[in-house]
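Per my numbering, the very first residue in the sequence shown carries number 22; after that it's consecutive. C-beta: ideal position from N, C-alpha, C; glycine also. Here the structure comes first, spelled out in structure tokens, and everything after it is commentary.
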Amino acid sequence: MPQAIVITRPFYDETTSYLHRWNLDVVKQAKAKSNSVADLKYKRANRKELESIVKKLKPEVIILNGHGSSDTILGQGDEVLIKAGKNEHILKNSNVFSLSCSSAKVLGPASIKAGAKSYIGYKEDFVFAYPKDYATRAEQDPLAKLFLEPTTKLATALVNGNPPEDCHEIGINAFLKNLQQVLLSNSTEEYVARFLVWDLTNQVYLHS
């Protein structure tokens, strides 16, 4: 089991509110498996605190939630947490899952080069759908569940100590299961299936 786990959970807009709420079960499972869990939520999801906690705990698992780009992962209020060419070295010796847009394109490979054990993320934008009326109860949203259930299963498997390559497959298989459910349903909009295919196609597992 992982000796130490670090999870970032910013919360400042609709997207981050969904990721924040859906990762609560991941945090609970992490705390059940490790006595050394740092849940960097709200204002604690900042670069200074992340770098300090990682230096102190030397976590085996790091889960990063939030907005991002090809070379960057953001924290609370769009503060840059990790940027390729700046501080990706803090991921050294860790298994990383980044639930953010496009970060596996540049930051992922840079992190592996800097010594990260593995990096699971998305090489293009991670997309998910949600209705406005679930904004304050994201964890109950059946539409968002189609997208965030697979990522939650992946993250949970990682904090449970499963090999990262297996965690990647767990996520992919969960996407495929939900895609099949959508394709067999007559009540789900066509774009939902397209979004699911997009996410599962762009999820990648990088390793040294």
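For the alpha helix (DSSP H) holding residue i, just list the boundary residues, first then last.
| i | result |
| --- | --- |
| D60 | Not the alpha helix (DSSP H): D60 falls in the beta strand (DSSP E), residues 58-62. |
| D46 | 45-54 |
| S73 | 68-78 |
From the DSSP output, in three-state form, read off residue i for me.
| i | result |
| --- | --- |
| N108 | coil |
| V127 | coil |
| T36 | helix |
| V101 | strand |
| S115 | coil |
| D146 | coil |
| G136 | coil |
| E190 | helix |
| P184 | coil |
| T209 | coil |
Are the CB atoms of residue i and residue j nearer to each other than 9 Å?
| i | j | result |
| --- | --- | --- |
| I111 | V75 | yes |
| F216 | V148 | yes |
| A59 | L85 | no |
| L128 | D154 | no |
| I191 | L175 | yes |
| Y33 | A165 | no |
| L231 | S139 | No statement about residue 231 is possible, as the shown extent of the chain runs from 22 to 229 and does not include it. |
| P163 | I193 | no |
| T173 | D46 | yes |
| G87 | T29 | yes |
| R65 | A159 | no |
Name the one or two DSSP bridge partners that residue i has.
| i | result |
| --- | --- |
| Y226 | I141 |
| L120 | N86 |
| T172 | In DSSP, T172 forms no bridge with anything. |
| V27 | A59, I83 |
| V20 | Any question about residue 20 goes unanswered here, given that the chain covers just 22 to 229. |
If you follow the beta strand (DSSP E) that residue i is part of, which residue opens it and which one closes it?
| i | result |
| --- | --- |
| T157 | Here T157 belongs to no beta strand (DSSP E), and DSSP marks it neither H nor E. |
| T93 | 93-95 |
Rounded C-beta distance between residue i and residue j? I'm assuming under 8 Å.
| i | j | result |
| --- | --- | --- |
| I133 | P185 | Not confirmed; about 12 Å, so no contact. |
| P80 | S115 | 6 Å |
| N67 | Q97 | 6 Å |
| Y143 | N223 | 5 Å |
| V225 | A125 | 5 Å |
| I83 | I94 | Their Cβ separation, rounded to whole angstroms, is 10 Å, which puts I83 and I94 out of contact at 8 Å. |
| K69 | V180 | Going by Cβ atoms, the distance from K69 to V180 rounds to 24 Å, so no, they are not a contact pair. |
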